[in-house]
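Undergrad: In my numbering, the protein residues as written are 772 to 857. We put the CB at the ideal spot given by N, CA and C, even for glycine.
As structure tokens, then:
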């Protein structure tokens, strides 16, 4: 009787293992090609910082620096004008 229980348990475990491995779906060639296309589109849609982008950033930085220097000069003029008014 013990042999029958062990055999039944082994058979049940084997059936479960076969059922689990049978449920795993293998990727076909169309799914694989679709994933490759998706990856290629993702790479193309990522923005790249090219020469035009770098030039734009340099112009923005120069404009900010110039604006700060103009503001500093205006502050010095106001301070000088306040000194003359005393």
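Quick check on residue 776: does DSSP put it in helix, strand or coil?
TA: Three-state DSSP puts residue 776 in a helix.
Undergrad: Quick check: what's the CA-CA separation for residue 821 versus residue 829?
TA: Their Cα atoms are separated by approximately 13 Å.
Undergrad: Say whether chain C places a C-beta atom closer than 8 Å to the C-beta of residue 788.
TA: Chain labels in this structure do not include chain C; a single protein chain is all it has.
Undergrad: May I ask you to report which of helix, strand or coil DSSP gives residue 824?
TA: In the structure shown, residue 824 sits in a helix (DSSP, three-state: H, G or I).
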